[in-house]
Amino acid sequence: MSAESSAADSKGAGGNTARPAYLRMLLLALVLMATWLLWSGFFKPLLIGLGVLSCALTLYLVRRMDFFTREAFTLHYDFRLLRFWVWLGREIVLSSLQVARVVLRRRIEVEPILVDINAGNLSTVDQVLLGNSITLTPGTLTLDMHEGRLRVHALTAEGAAALEEGEMQRRVAALGRR
Amino acid sequence: MTVLVEILSWVLLTLGGISVLIGGIGALRMPDLYTRMHAASVTDSMGAMLVLGGIMLQAGWSLATIKLITILLFLLLTSPTSSNALASAALLAGTRPIAEAKQEPGEVQ
Amino acid sequence: MYYVVTIATLVTMDLALIRAVLGPSVYDRVLAMNMFGTKTVLLLSVIAFLYGRPDFLDLALAYALINFIGVLAVLEFFRVRSLRRQAEQLEEAGIE
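Chains as they are written, first to last, in the numbering used here: chain A, 1 to 178; chain B, 179 to 287; chain C, 288 to 383.
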């Protein structure tokens with residue numbers, strides 16, 4: 001990935017703070033070790049040693065994948081993401097009810113529609129976030145993502161209309177803004 | 179208070195069981211692959227949320243809850259990825275959704 | 288009450304298996320197996336509490352990881368196969 005494109009990616013992803021590589025490595029090591037301790041629950045020297053060894057191996061592999069030298073995206077893990085998840089949870093509940101109504105009818109009669117959504121104003125990370133959120137809500141499914149256009153397969157006309165109205169897109173865009 | 183949590187957790191678990199079941203029935207009854215994926219995503223996101231949420235209320239604040247949250251987060255993060263991989267692989271192999279017929283000819287492709 | 292969820296999950300796994308047997312395409316079967324896998328994760332978590340054995344949660348997470356990687360691996364395999372088939376068709380068309 002060239003420097004320009006990654007800079008463009010990170011622009012909309014919410015202001016890259018550009019932490020130095022060694023700091024990110026240290027952070028990852030800490031998170032990995034905490035995870036190991038959480039899941040193992042034993043504090044014997046042998047097991048902790050094994051944990052340190054696995055963390056070192058993981059760090060080595062991740063380094064070989066150029067994770068640290070490349071400008072990676074940074075999401076903002078603040079309360080806005082949490083609020084988005086709560087909203088997404090509500091959407092999932094509502095659209096699950098819609099799909100359940102279709103499934104439990106005596107005769108299955110579905111009229112699925114394909115909808116194209118233009119998400120060119122979002123950064124790449126936010127486009128992925130939008131596509132995955134669409135897939136996660138039952139009744140809508142992202143088939144393809146190409147040059148900022150998402151092709152969405154919707155089970156019901158209501159679901160398609162809700163997507164074209166664009167509330168989810170607005171919320172994802174608001175998430176990316178600083 | 180505890181009784182309330184108990185009742186809420188049983189409600190969540192029952193609703194979770196029902197939505198898992200609805201997704202299974204849908205995956206069997208729907209006419210084509212893509213509509214079946216909609217039904218499967220009911221079990222994947224809604225069912226998982228309700229069932230694991232109900233168990234979390236039973237577990238209270240403990241190590242088990244953290245593990246359950248990890249499992250739920252992992253399921254919710256990976257299930258769109260695998261659905262997407264499935265849809266794109268099926269499209270590439272030439273499985274057309276029945277919805278495509280309803281589009282204007284110029285729009286397809 | 289855990290039994291309700293356990294039975295619902297088991298029935299859904301059966302339904303997914305029926306879908307896997309009926310097919311008709313390979314991708315329907317992959318979808319069914321993916322569903323079967325996520326239901327296994329839910330079942331393991333419920334069983335952990337049904338029998339009071341929290342270590343089943345570790346199994347559930349490990350199963351979720353394996354299921355995800357497995358589905359992606361199988362799909363990649365089929366994707367490469369259909370790409371190769373398309374390339375062969377193009378080649379045949381070019382020769383004639």
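C-beta: ideal position from N, C-alpha, C; glycine also.
Taking Cβ to Cβ, would you say residue i is nearer than 8 Å to residue j?
i	j	result
residue 163 (chain A)	residue 115 (chain A)	yes
residue 218 (chain B)	residue 226 (chain B)	no
residue 275 (chain B)	residue 210 (chain B)	yes
residue 84 (chain A)	residue 175 (chain A)	yes
residue 296 (chain C)	residue 346 (chain C)	no
residue 260 (chain B)	residue 144 (chain A)	no
residue 124 (chain A)	residue 134 (chain A)	no
residue 315 (chain C)	residue 214 (chain B)	yes
residue 51 (chain A)	residue 40 (chain A)	yes
residue 159 (chain A)	residue 98 (chain A)	yes
residue 137 (chain A)	residue 92 (chain A)	yes
residue 365 (chain C)	residue 313 (chain C)	yes
residue 190 (chain B)	residue 238 (chain B)	no
residue 359 (chain C)	residue 271 (chain B)	no
residue 250 (chain B)	residue 183 (chain B)	no
residue 21 (chain A)	residue 55 (chain A)	no
residue 155 (chain A)	residue 139 (chain A)	yes
residue 172 (chain A)	residue 129 (chain A)	yes
residue 148 (chain A)	residue 169 (chain A)	no
Helix, strand or coil, according to DSSP, for residue i in the structure here?
i	result
residue 113 (chain A)	strand
residue 274 (chain B)	coil
residue 101 (chain A)	helix
residue 262 (chain B)	helix
residue 58 (chain A)	helix
residue 121 (chain A)	coil
residue 96 (chain A)	helix
residue 245 (chain B)	helix
residue 256 (chain B)	helix
residue 84 (chain A)	helix
residue 48 (chain A)	helix
residue 374 (chain C)	helix
residue 284 (chain B)	Low confidence applies here, because residue 284 (chain B) scores a pLDDT of 44, under 50, leaving its location unreliable; read the following figure in that light. Residue 284 (chain B) falls in the coil class under three-state DSSP.
residue 222 (chain B)	helix
residue 64 (chain A)	helix
residue 133 (chain A)	helix
residue 43 (chain A)	coil
residue 106 (chain A)	coil
residue 161 (chain A)	helix
residue 288 (chain C)	coil
What are the start and end residues of the alpha helix (DSSP H) that includes residue i?
i	result
residue 229 (chain B)	226-237
residue 25 (chain A)	21-40
residue 203 (chain B)	180-207
residue 218 (chain B)	211-219
residue 166 (chain A)	Premise fails: residue 166 (chain A) is in no alpha helix (DSSP H) and is neither H nor E.
Going by DSSP, what residue range makes up the beta strand (DSSP E) through residue i?
i	result
residue 152 (chain A)	149-154
residue 145 (chain A)	140-146
By the criterion of Cβ-Cβ separation under 7 Å, what are the contact partners of residue i in chain B?
i	result
residue 96 (chain A)	197, 220, 224
residue 155 (chain A)	213, 216
residue 142 (chain A)	262
residue 120 (chain A)	Residues of chain B passing the Cβ test: none, with the nearest at roughly 17 Å.
Which residues in chain A sit within 7 Å of residue i, going by Cβ to Cβ distance?
i	result
residue 254 (chain B)	136
residue 276 (chain B)	112
residue 191 (chain B)	Per Cβ cutoff of 7 Å: no residues; residue 191 (chain B) is ~16 Å from chain A at best.
Please list, in chain order, the chain C residues whose beta carbon lies closer than 8 Å to that of residue i.
i	result
residue 230 (chain B)	329, 332
residue 201 (chain B)	299, 322
In chain B, which residues lie less than 8 Å from residue i when you measure between Cβ atoms?
i	result
residue 338 (chain C)	Under the 8 Å cutoff, chain B gives no residues; its nearest Cβ is about 13 Å from residue 338 (chain C).
residue 305 (chain C)	206
I want to verify the contact list: residues of chain C whose CB lies under 9 Å from the CB of residue i, in sequence order.
i	result
residue 185 (chain B)	None at all; the shortest Cβ gap to chain C is about 11 Å.
Counting only Cβ pairs nearer than 9 Å, list the residues of chain B close to residue i.
i	result
residue 38 (chain A)	241, 244, 245, 248
Margin query: Going residue by residue through the stretch 290-369 of chain C, where are the continuous alpha helix (DSSP H) segments of at least 4 residues, counting only ones entirely within it?
Written below: 313-337
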